[in-house]
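Reviewing the structure listed below.
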Amino acid sequence: MSNIAPPLPPLDITRGPEGGEVGPIQSGWRLALHEFSRNRLAVIGLGTLVFFVVFCFIGPLLYHGNTISTSLQNTNLPPGAGHPLGTTDVGFDELALLMKGGQAALEVGFAAAAIGIGIGALWGAVSGLAGGIVDSIMMRVVDVFLSIPFLFIVLIVAVKYGASVLGLSLIIGAFTWLVPARLVRGEVLTLRVRDFVSAARTAGAGRLRLIGRHLIPNALGVIIVNVTFNVADAILAVAVLGFLGFGLHYPSQDWGDMLSNGIQYMQDGFWWLVFPVGGAIVLVVMACNLIGDGLRDSLDVRLRRR
Amino acid sequence: MTAYLLRRLGTSVVVVLGVSIFIFFLLHAIYPSPAVDVLGPHANRVSILAWNRDHGFDDPWIVQYLHYMNQLVHGNLGFSFKVNQSVAALFQERWARSAYLSGISLLFAVVIAVPLGIYQAVKRNTIGDNVVTSLAFVTYAMPVFFLALILIQVFALTFPIFNFEASQSTSVLAVMGDWHSMTLPIATLTLLSVAGFSRYMRSTAMDTLAQDYIKAARAKGLPERLVLLRHLVRNACLPMITLIGLSIPALLAGNLITETVFNYQGLGLLFYTSLGNVDYYVLLAYTLIGAVLTIAGNFVADIALTVADPRIRLA
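See the structure below:
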């Protein structure tokens, strides 16, 4: 990255500076951060996500509702005193359930994204660096996995192993590393011919060091953007699995399961069993997508000015 | 061109083989044998072993795989022990219903998304564009079943215009005629695809609008309507071909969930019930079919794009 300021043009007070504002040179990441903070939608997304993290993980410390024991005198109560979001058909408190389900959704979302990106970044970096026949075999493997409809294969595995946060994260992560692998490979293909990589190689860096210290850190922009979209996809996948009945088991909770429970009472007009949960899923997923869009735009700026 | 097609076909066959090996191996590892499901939970060890031997489930998995593939190329998709029927017969009963639901939804989605994207690109950053973009963004973030639930709440419960359950008729013609029951499932799947398509359509239409040939058409005095119809629409639609080809996995997933929510007796619902029953061969066959459809979708989209766009030369 260049630290030499471009020569300033002679001061001409009759005209504004050409080529936009002239400011002090900033580091790429700080530029990206600045650009991100100016993107109103992305900041709203970040705020929403932070709100939900606080709501789901700190909320239960402040608000205690029954999510464990059946309480037959409190079934299907509409929102009211003592139960801000009403109760379910077995007398659980809907607001407390919402927090508990959100914990699972966020935990699985981030863990699955981390697993997927971890595998994908390594796979893509190794494939791109190796080149030749190894590269084509590794990419054909990606093709094979990409051709299997995601939901089908995840459902098949989740029927047996999907009943825990760890299991769900591993399953979803194991089938979402493909797109990151392709993206990182693409980045590595352009990076590996750059001077700093040749320099590192000349200095005697091995393959592992090249990947860990030089290639992956430089592909980090692509990786970070992808994490946010993967979190969104993973949260949606958990919701779908839960809705179809292959999610977490009692006493854990997930949002999809709550919805499939609420759907039975739609004709009775028990809206509080359906719409708060659905709204929460939509808001969290939208927040992740907004952050992802914002990050992509701001990293574009970083690359453009580099 | 022929050489390209052959090579492309070759890669596709390799990928299909890879997919079949992987799915077979995975299912085999998770459910080594359906013996317990067939013989019941109280079956003793001896009868389970005997059943496994009779049905070839004690062979090494590679032998079982080759046997399965051999059956597959002879048109035998396996046997569902749960419903005591061949998988092919099960699919035969249902595939037309699923194809109808997915096909008509995809058609509607294209018919809606293309004009919508062009409208957005032409009127970009107006209120109309922003409203459509926001709606698409929200729908995109919505689980399919929640979209279905909202439609049911509004159009079947609050305002009882449509039925909340899909048509239960076994004849596809009757299903097609039953708009009262089929509108909501079709609307769900259509909206899902529109949300995916419209933002690509908007951005490709905007890219096309910036091209010189659009400027030239305007400069020579062509009415704006003709500029849009003759020059913009046809060029902006090209990326849609690829997008439709790539949308098959999402369409299959949407189809599965929509059929489950609306209790529509198609392949998606069959897959769902088979998951609960661990109906081995149904799961295997439908996942394989899904993968083949996905690969075929990519392949056909590539060819269709070359046909539609003479600028693309394949080598």
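Here the protein sequences come in this chain order: A and B. Residue numbers -13 to 292, in our numbering, belong to the letters of the first sequence in order. Residue numbers 8 to 322, in our numbering, belong to the letters of the second sequence in order. In this text, a Cβ means the ideal position worked out from N, Cα and C, and glycines have one as well.
Residues in its own chain within less than 6 Å of residue i by CB, not counting five upstream and five downstream?
| i | result |
| --- | --- |
| T197/B | S112, F115 and A116 |
| S205/B | A120, L123, G124 and A143 |
| F22/A | A28, G280 and S284 |
Can you confirm whether residue i, when its beta carbon is compared against all beta carbons of chain B, has any partner nearer than 8 Å?
| i | result |
| --- | --- |
| G264/A | yes |
| S(-12)/A | Residue confidence for S(-12)/A is low, a pLDDT of 45 falling below 50, so the modelled location carries little weight and cannot support an answer. |
| L245/A | yes |
| I197/A | no |
| Q253/A | yes |
| R126/A | yes |
| R292/A | Here the model assigns R292/A a pLDDT of 46, short of 50, so the residue's position is not dependable, and the following value carries that caveat. It does not: the Cβ of R292/A has no partner Cβ on chain B nearer than 8 Å. |
| V271/A | yes |
| D286/A | no |
| V217/A | no |
| V268/A | yes |
Give the C-beta separation of residue i and residue j to the nearest angstrom, bearing in mind that I take them to be a contact with Cβ-Cβ under 8 Å.
| i | j | result |
| --- | --- | --- |
| L84/B | A95/B | 5 Å |
| A181/B | F171/B | At roughly 19 Å, the Cβ-Cβ gap does not stay under 8 Å, so A181/B and F171/B are not in contact. |
| I158/A | A91/A | Actually they are not in contact, since the Cβ atoms of I158/A and A91/A sit about 12 Å apart, beyond 8 Å. |
| A298/B | V53/B | In fact, because the Cβ distance is near 38 Å, the residues do not count as touching under 8 Å. |
| V285/B | L97/B | So it is not a contact: roughly 15 Å between Cβ atoms. |
| D240/A | N25/A | D240/A to N25/A, Cβ: 31 Å. No contact. |
| L239/B | L216/B | 6 Å |
| F153/B | G264/A | 4 Å |
| I221/A | V165/A | Rounded, the Cβ-Cβ distance is 16 Å, inconsistent with contact. |
Alpha helix (DSSP H) containing residue i: first to last residue?
| i | result |
| --- | --- |
| W186/B | W186 to L216 |
| D212/A | The identity of residue 212/A in the sequence shown is Asn, whereas the question assumes Asp. Unbroken alpha helix (DSSP H) run through N212/A: L206 to F229. |
| G106/A | E80 to A116 |
| C297/A | A question about residue 297/A goes unanswered here, because the residues of chain A that appear run from -13 up to 292. |
| P122/B | V94 to V129 |
| W68/B | W68 to V80 |
| L63/A | No alpha helix (DSSP H) contains L63/A, which DSSP labels as neither H nor E. |
| N262/B | I255 to F269 |
| N284/B | L274 to N284 |
Which chain B residues sit within Cβ distance under 7 Å of residue i?
| i | result |
| --- | --- |
| P166/A | Ordered by position in chain B, no residue passes the 7 Å Cβ test against P166/A, which lies about 17 Å from the chain. |
| D129/A | V22 |
| I249/A | L156 |
| L222/A | P150 |
| V260/A | L156 |
Along chain A, which residues have their Cβ under 8 Å away from the Cβ of residue i?
| i | result |
| --- | --- |
| V138/B | Neighbours of V138/B on chain A: none; closest Cβ ~15 Å, over 8 Å. |
| T267/B | L230 |
| G297/B | I134, P135 and F138 |
| I30/B | I134 and I139 |
| L282/B | L141, I142, V145, L230 and F232 |
Under a CB-based cut-off of 8 Å, is residue i close to chain A?
| i | result |
| --- | --- |
| Q160/B | yes |
| I264/B | yes |
| V307/B | no |
| I302/B | yes |
| Y279/B | yes |
| A148/B | yes |
| F153/B | yes |
| T190/B | no |
| M294/B | The residue asked about is misnamed: residue 294/B is Thr in this sequence, not Met. Yes, its Cβ sits closer than 8 Å to a Cβ of chain A. |
| V26/B | yes |
| P256/B | yes |
| L274/B | no |
| L113/B | no |
| L199/B | no |
For residue i, return the contacting residues in chain A, with the cut-off set at a CB-CB distance below 9 Å.
| i | result |
| --- | --- |
| A37/B | The sequence as given places Ile at residue 37/B; Ala does not occur at that position. Chain A residues near I37/B: I142, V143, V145, K146 and Y147. |
| A260/B | P135, F136, L137, F138 and V226 |
Any beta carbon from chain D within less than 8 Å of residue i's own beta carbon?
| i | result |
| --- | --- |
| I69/B | In the structure shown, chain D does not exist; the protein chains are A and B. |
Excluding the 5 residues flanking residue i on each side, which residues of the same chain have their C-beta closer than 7 Å to its C-beta?
| i | result |
| --- | --- |
| P192/B | L108, A173, T265, F269 and Y271 |
| Y72/B | I28 and F31 |
| V307/B | G252 |
| A212/B | G124, I125, A128, L239 and A243 |
| F41/A | M85 and G88 |
Residue i versus chain B: which residues are under 9 Å apart at the beta carbon?
| i | result |
| --- | --- |
| I210/A | Within chain B, no residue comes near I210/A; the closest Cβ sits about 20 Å away, beyond 9 Å. |
| I123/A | The premise fails here: I123/A is roughly 11 Å from chain B at the closest Cβ pair, so nothing lies under 9 Å. |
Name, please, each residue of chain B whose Cβ falls closer than 8 Å to the Cβ of residue i.
| i | result |
| --- | --- |
| N275/A | F144, Y147 and A148 |
| M85/A | The contacting residues do not exist; M85/A stays about 19 Å from chain B at best. |
Short of 8 Å in beta carbon distance, which residues of its chain neighbour residue i, apart from the five on each side in sequence? Order them along the chain.
| i | result |
| --- | --- |
| A191/A | R199 and H200 |
| I221/B | T215, V234, H238 and L239 |
| T267/B | F152, G275, L276 and Y279 |
| I248/B | A308, A311, L312 and A315 |
Using the beta-carbon of each residue, which ones in chain A are nearer than 7 Å to residue i?
| i | result |
| --- | --- |
| L164/B | M252 and Q253 |
| L290/B | I142 |
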